[in-house]
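Engineer: Sharing a structure below in structure tokens format, with a few things to ask.
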Amino acid sequence: MKVEHMSFDRAELEEMKERWLAANIEAEKAGDWKPLAEFYTEDATYGWNYGPKKDFMAVGREEIRELALGQEMEGLEGWEYPYQAWVIDEKTGDMIGLWKQVYEGTREDGSHYALEGIQGSWFKYGGNFQFSWQRDFFDYGNVSALFIEMMKNNAMSDGMLKRVEKAAPGNLPGWYDFGKAPVAFW
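Just so it is clear: in the sequence shown, position 151 is 150 by numbering that gives the first Met the number 0, and no numbers are missing.
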């Protein structure tokens, strides 16, 4: 990744954050995250690592819309991603949003199924209220443990079960063997 050093107005970055948060709430309500693609530049990249063997990378706004916000969010209706904190650097345009992942379903004790650990998104602001780059991070071990718990408890929705079944072979578009994504993570 090429390191860019551009300064941005702090108020603009704060407004970007507020626009992003409002749009995320609407996407959660609708169960459709594809409209968030408008928050990315045409040539933006969006990726994450999923353990020691796989990386995900969407290159360009349309791949972000169809793969990261479409394919990868299918079956996650009923999940919320409330942001807990933000770190914003106006000198570099880096923005880090730390979020939780919480399911509407509950355990026998009344607690919600939720991803533990630290998860979040690291964004590079590109100006004009759009991101040029996003990398998500989360605790792969906790994701696995939560999904296994939900399967054992028959707590997964039909959509989630279909998502897991569809992803199991490990060959969906946008997924690459570790280190083989078309765009470097760093």
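Ideal Cβ placement from N, Cα and C applies to all residues, glycine included. In this text, all values refer to a predicted model and were calculated from it rather than measured experimentally.
CA-CA distance, residue 100 and residue 114?
Structural biologist: As a first step, residue 100 is located in the sequence shown; it is residue number 101 there, counting from the start. As a first step, residue 114 is located in the sequence shown; it is residue number 115 there, counting from the start. In a straight line, the C-alpha of residue 100 is about 5 Å away from that of residue 114.
Engineer: Do the stretch 77 to 93 and the stretch 171 to 178 touch if we need at least three Cβ pairs shorter than 8 Å?
Structural biologist: Contact between the stretch 77 to 93 and the stretch 171 to 178 is absent, because fewer than three Cβ pairs lie under 8 Å.
Engineer: Along the chain, which unbroken stretches of the beta strand (DSSP E) at least 3 residues long are found entirely within the stretch 2 to 63?
Structural biologist: Runs found: 39 to 49 and 53 to 58.
Engineer: Could you check whether residue 40 and residue 57 sit closer than 8 Å to each other, using their CB atoms as the reference points?
Structural biologist: As a first step, residue 57 must be located in the sequence shown, where it is residue number 58. As a first step, residue 40 must be located in the sequence shown, where it is residue number 41. Contact flag unset, no.
Engineer: With distances taken from CA atoms, which of 63, 88, 30 and 66 is nearest residue 5?
Structural biologist: Counting from 1 along the sequence shown, the entry for residue 5 is found at position 6. Comparing Cα-Cα distances from residue 5 to each of 63, 88, 30 and 66, the minimum goes to 88.
Engineer: Which complete beta strand (DSSP E) runs does the stretch 134 to 178 hold, if anything under 3 residues is left out?
Structural biologist: For secondary structure counted as the beta strand (DSSP E) over 3 or more consecutive residues, the stretch 134 to 178 holds these complete runs in sequence order: 174 to 176.
Engineer: Over what stretch of residues does the beta strand (DSSP E) that includes residue 84 continue unbroken?
Structural biologist: Numbered from 1 along the sequence shown, position 85 holds the residue referred to as residue 84. Here the beta strand (DSSP E) through residue 84 covers 82 to 88.
Engineer: Here's the rule I'm using: 16 or more other beta-carbon atoms within 10 Å means buried, otherwise exposed. How should residue 187 be labelled?
Structural biologist: No information on residue 187 is available, as it lies outside the stretch 0 to 185 that the chain covers here.
Engineer: Can you tell me which of the three DSSP states residue 70 falls into?
Structural biologist: Taking the first residue of the sequence shown as position 1, residue 70 is located at position 71. DSSP places residue 70 in the helix class (H, G or I) of the three-state scheme.
Engineer: Can you tell me whether residue 185 is buried or exposed? The criterion is at least 16 other CB atoms within 10 Å of its CB, across all chains shown.
Structural biologist: Indexing the sequence shown from 1 puts residue 185 at position 186. Under this definition residue 185 is an exposed residue.
Engineer: Are residue 90 and residue 169 close, meaning C-beta to C-beta below 8 Å?
Structural biologist: Position 91 of the sequence shown holds residue 90. Position 170 of the sequence shown holds residue 169. No.
Engineer: Following the continuous beta strand (DSSP E) through residue 75, name the residue where it begins and the one where it ends.
Structural biologist: Numbered from its first residue, the sequence shown carries residue 75 at position 76. Looking at the DSSP string, residue 75 is not in any beta strand (DSSP E), and its letter there is neither H nor E.
Engineer: By alpha-carbon positions, which one of 182, 166 and 19 ends up nearest to residue 85?
Structural biologist: The residue labelled residue 85 in the question sits at position 86 within the sequence shown. Considering only alpha carbons, the answer is 19.
Engineer: What residue does the beta strand (DSSP E) around residue 101 start on, and which one ends it?
Structural biologist: Taking the sequence shown and counting its residues from 1, the one referred to as residue 101 is at position 102. Residue 101 -> beta strand (DSSP E) spans 93 to 105.
Engineer: Nearest-angstrom Cα distance between residue 106 and residue 158?
Structural biologist: By 1-based counting over the sequence shown, the position of residue 106 is 107. By 1-based counting over the sequence shown, the position of residue 158 is 159. Taking the straight line joining both Cα atoms gives about 19 Å.
Engineer: Suppose contacts are defined by Cβ-Cβ distances below 8 Å. Is residue 161 in contact with residue 94 by that definition?
Structural biologist: If you number the sequence shown from 1, residue 161 lands on position 162. If you number the sequence shown from 1, residue 94 lands on position 95. Residue 161 is not a Cβ neighbour of residue 94, given a cutoff of 8 Å.
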